[in-house]
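Chemist: Chains as they are written, first to last, in our numbering: chain Y, 9 to 293; chain P, 565 to 841; chain L, 65 to 358. Backbone N, C-alpha and C fix where the C-beta goes; we use that ideal spot for every residue, glycine too.
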Amino acid sequence: MRASKETVAKGIFLFCAMASAVIIASILLFMVALGLPLFKGGAFFSVWTGAWAPHQGYYGIWPMIAGTLWIATLAMALCLPLSLGASFVITSLGGPRLRRMLNALVRFMTGIPTVIYGFVGIFLLVPLIREGFGGAGMCVLAAGIILAVLISPTMVLFFSDSLQSVDPANVQAAKALGADRVQRLLYVMLPKAFGGLASGFILALGRALGDTLIALMLAGNAVRAPHGLLEPARTLTAHIALVKAADFDSLEFRSIFACGIALYLFTTAATVAVRWIERERMMVP
Amino acid sequence: MAKKFIQMLVSFCVLYFLASPCFGGDALDAFEGQKGTVKIAGGTAHIPVMKEAAKRIMTCYKDIIITVAGGGSGVGIKQVGEGLVDIGNSGRKPKPEEIERYNLKMFRWAVDGVGVVVNPANPVKSLTKYQLQEIFAGKIDNWTALGGADHAITVYTRDESSGTREVFWNKALDKSALSAKALFVPSNGAMKTAVANDPYAIGYISVGYMDASVIPVNLDGVTPTLETVKNGQYKVARGLYSNTKGEPTGLTRVFIEYLFTPEGQQIAADKGFIPVK
Amino acid sequence: MIHNLAEKVVLFFSWVTTLVLGLSVSIFLGYLLWKGFPSLGPKLIFGQADPLMAVLGRVRVFDGIFPAIAGTICLVGLSAGLALPVGVCSGIYLAEYAGPGMKKLLGILFDILAGIPSIVIGLFGFSLAVFLHRHFSSRVGPCLLISAVSLAVLVLPYIVRSTQRSLEELPAGIRKTALALGASKLQNIAYVLIPNALSGISSGVILAIGRCAEDTAVILLTGVVATAGIPSSLLSQYEALPFYIYYISNQYSSRAELSQGYGACLILLVICAVLFMLAYGMTKHLSYRTLYRA
């Protein structure tokens, strides 16, 4: 009696796990299957490197790849110092009450929906950029800044976790030898937590590459690759959201599956890189 | 205490049963006894009229549900052709290959113009066709060249499946090139908002959408208004179509017929379009 | 000397960046409150309709965000209902039954799923809808059901990971006691392990719910529209709060509508913030006593 209940239960659990795995694999399969016609006929390279002008027959998604890279790079460049500094304060440089407060604040920030960041960005930041720097206001800079603010809380939490999970014995030893807070942080905690910090950085990068709404609302969605911070851009994600109109069987529509494949590959590479770093860390005694 | 409670109970019952005042005219009686869902998608210029009609119908008839989505003329035609929606709106006449492929039946219930707009703070209020084409091609890129402020011109445009864009490109730009730096907006409403918020913007919207927040640009001496489109002076005009796959039946047919009744045509006129009747 | 300078720079830099972060959040929230607070009230949610009648479904709401709120609630409920059983069972399998090779493989797969951008999952949902529409039944299209399934796929990793992690972190003492007393593996899981891991599992679930409530990219592609009233069936299109906010930001037609947009932002913010705070609070404080009243 008990044995059959056991096997049934195990079977159910196994089924669920397998179902989940199948779903993940089928996501990639669907996209490749549906995007395939775009690649046939020798068009493979032009899809990744060409320009986008569907009426003239150009289905290249290079401008979108460029847009994604510009915005994500800017966001990470702004976000890294911000998060690093804030995590230093939260883990060691601040007093206990300040730490608790900042922790709560950062936790709260992770809960703010993306669309709200975009909403405030449109009405607060875009006019400022337009008057202060010229151009349309909706550009790589606007999207990059808001994206950086969006990602920072998650990065701060991740960095803090890594810094705090350094073996206390090491930190105590440094303290016993006379190191003050900053020295303990810089020379003991930081080097030891480096792997964790790298993982956090890569995960945040994945998030920056995959965000849709910020770029959709703030970057202008022009079809040309940006040549400067004040130029409008379109990301792979925004492109998918915008091209709903075309014929399901047309090449224009298939291009969004190419975008999907590109995104899938980028973020999978990031995930695998993180796992590899974690594994390397585990190996070091 | 008891008296107050009874008063509340009575007013609750009254409200409950008289919940929705239905001031429908004769036109709405056609919906009597109908039930079901009508899914509408497509041209964004049609949305105000669709929403108003839906509101009137749904207020009177509890069993009818009408959903309205945007997406542009291309989406409307595609989705009605694929059977994903019941009515697909388009701001341009469907092409012959689309009509044949999807067996479309078209119903033109209003005429509309497509006009160029700029922000109210912009002193430049009239352009020649040649200047317009140069601006949209990106060759003239600063407002000083036209007598305005010293700031780059921000060009806004719609995506390639938009009926509004197609008409504008065919008739106002004479099929000339469009700058690759133009910013994209997904609908007429979004274009209006974008131009209204950006003092250095230029864009194009349906004449029915124009209001005090944007200034219509005088093109070769003609300002795009309801009158100039009506009397044919302003040439950049198009019909507003509602398309169905095959002959419409049931609730969908009643809805389309409603658009052609005096009440339906009045809604179109109220929203700034020119009724066909 | 140089060491001293570097340390001073780091100190200065850390405080400055923290200040910048804190300032930007304050400006952000302050602006939102300033613009949105005036529009809060029954008119924002119910428009011209009477609140009681609208909630009872007797009257349709046309100018308020009630349909969007109802749509979001239905969506979240449905997707959580789909993701919960599958996620918890998968987590149990990974923590209790899987061998090391399987654990690693499934672990990688779930990590990949967690990293996939939400719009790609929306694309998957849309392709699914088109596929079903063409080969299965023409009544199926992008709708509430497809959105719920897509959102469930989106949040699955959260639930699986938190279930797996909280089960694995249980101390050996708790794990082995019931087994030593003769309980079967299943009984151990059901009566000892799950109740003890409840706080971790719940926090994962609540995080997932919060994610469903705020997500816009997935629903953009799978069935949300600007005007639909409260959801009438699983195969119908629907409205949702995040989409409403996006739509307003894009094309508001009057100051009043823009004000409504800010108000909607505040409401969505409160919903999501509450859910996230709840999740973090639960991780620490929920105990099995709430389940067993011992």
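1. Taking C-beta pairs closer than 8 angstroms, name the residues in chain P that P240 (chain Y) reaches, listed in chain order.
2. Who are the near neighbours of Q315 (chain L) in its chain, counting only those whose CB is closer than 8 angstroms to its CB and skipping five residues on each side?
3. So which residues on chain L does P750 (chain P) lean against when the C-beta distance must stay under 9 angstroms?
4. Assuming K200 (chain Y) contacts V174 (chain Y) under a Cβ cut-off of 8 angstroms, what Cβ separation, rounded to an integer in Å, is found between them?
5. Ordered along the chain, which non-local residues of its own chain (more than five positions away) have a Cβ less than 7 angstroms from that of I269 (chain Y)?
6. On the three-state DSSP scale, how would you describe K603 (chain P)?
7. Does the CB of D705 (chain P) have a neighbour CB from chain Y at under 8 angstroms?
8. Check L235 (chain L) in the structure and name its three-state DSSP category.
9. When DSSP labels each residue in this structure, what does Q238 (chain Y) get in the three-state scheme?
10. Compile a chain-ordered list of the residues in the region 711–725 of chain P whose CB is closer than 8 angstroms to at least one CB of chain Y.
11. Taking the alpha carbon of V759 (chain P) as the point to measure from, which residue in P:T721, P:T789, P:K567 and P:G655 has its own alpha carbon closest?
12. Given a cut-off of 8 angstroms on the beta-carbon distance, is the pair M26 (chain Y) and G126 (chain Y) in contact?
13. Pick helix, strand or coil for G58 (chain Y), following the three-state DSSP scheme.
14. Any beta carbon from chain L within less than 8 angstroms of M225 (chain Y)'s own beta carbon?
15. Could you tell me the distance, in whole angstroms, from the CA atom of I133 (chain L) to the CA atom of P306 (chain L)?
16. Would you kindly report the start and end of the unbroken alpha helix (DSSP H) that includes I130 (chain Y)?
17. Pick from Y:F202, Y:I210 and Y:V123: whose alpha carbon is nearest that of T162 (chain Y)?
18. For S100 (chain Y) and I309 (chain L), I'd like the C-alpha separation in whole angstroms.
19. Curious, which full-length alpha helix (DSSP H) runs of at least 4 residues does the region 677–743 of chain P contain?
20. Between P:V840, P:G836 and P:G810, which has its C-alpha nearest L823 (chain P)'s C-alpha?
21. Give me the residue from Y:C267, Y:T15 and Y:H235 with the minimum Cα distance to L250 (chain Y).
22. Please state whether DSSP places M341 (chain L) in a helix, a strand or coil.
23. Look at S103 (chain L) and Y344 (chain L) and say whether their C-beta atoms are less than 8 angstroms apart.
24. Would you kindly work out how many angstroms separate the C-alpha atoms of A583 (chain P) and V219 (chain L), rounded to a whole number?
25. If I'm right that I185 (chain L) touches V217 (chain L) with Cβ under 8 angstroms, what's the distance once you round it to whole angstroms?
26. When you compare the CB of F195 (chain L) with every CB in chain P, is at least one pair closer than 8 angstroms?
27. Quick one: using the 10 Å Cβ neighbour count with 16 as the cut-off for buried, is P104 (chain Y) buried or exposed?
28. DSSP beta-bridge partners for K99 (chain L)?
29. Which parts of the region 765–836 of chain P are runs of the alpha helix (DSSP H), unbroken and 4 residues or longer, counting only runs that do not cross its ends?
30. For F732 (chain P), collect the residues of the same chain with a Cβ closer than 6 angstroms to its Cβ; drop the 5 residues on either side in sequence, then sort them by chain order.
31. When you compare the region 683–700 of chain P with the region 68–79 of chain L, are there three or more beta-carbon pairs, one atom per stretch, that lie closer than 8 angstroms?
32. Is DSSP giving N667 (chain P) helix, strand or coil here?
33. Is the shortest distance between the beta-carbon of D762 (chain P) and the beta-carbons of chain Y less than 8 angstroms?
34. Are Q301 (chain L) and V289 (chain L) touching if we call contact CB-CB under 8 angstroms?
35. Nearest by alpha-carbon distance to N706 (chain P): which of P:H715, P:R620 and P:F700 is it?
36. Could you list which residues in chain L have their beta carbon closer than 7 angstroms to that of I629 (chain P), in chain order?
Modeler: Taking the definition as stated:
1. K745 and L747
2. none
3. N314 and Q315
4. 5 angstroms
5. M39, V40 and G43
6. strand
7. no
8. Reading off the sequence shown, one finds Pro at residue 235 (chain L), where the question assumed Leu. DSSP places P235 (chain L) in coil when its eight states are reduced to three.
9. Checking the sequence shown, residue 238 (chain Y) turns out to be Leu, not Gln. DSSP places L238 (chain Y) in coil when its eight states are reduced to three.
10. H715, A716, T718, D723, E724 and S725
11. P:T721
12. no
13. coil
14. yes
15. 9 angstroms
16. Careful: I130 (chain Y) lies outside any alpha helix (DSSP H) and carries neither H nor E.
17. Y:I210
18. 39 angstroms
19. 693–701 and 727–731
20. P:V840
21. Y:C267
22. helix
23. no
24. Low per-residue confidence applies at A583 (chain P): pLDDT is 49, beneath 50, and the placement is therefore not dependable, though the value from the model is reported in the following sentence. Going from the Cα of A583 (chain P) to the Cα of V219 (chain L) covers about 40 angstroms.
25. 6 angstroms
26. no
27. exposed
28. Paired residues: none, contrary to the question.
29. 790–794, 814–824 and 826–834
30. V678 and Y768
31. no
32. coil
33. yes
34. yes
35. P:H715
36. G293 and S296
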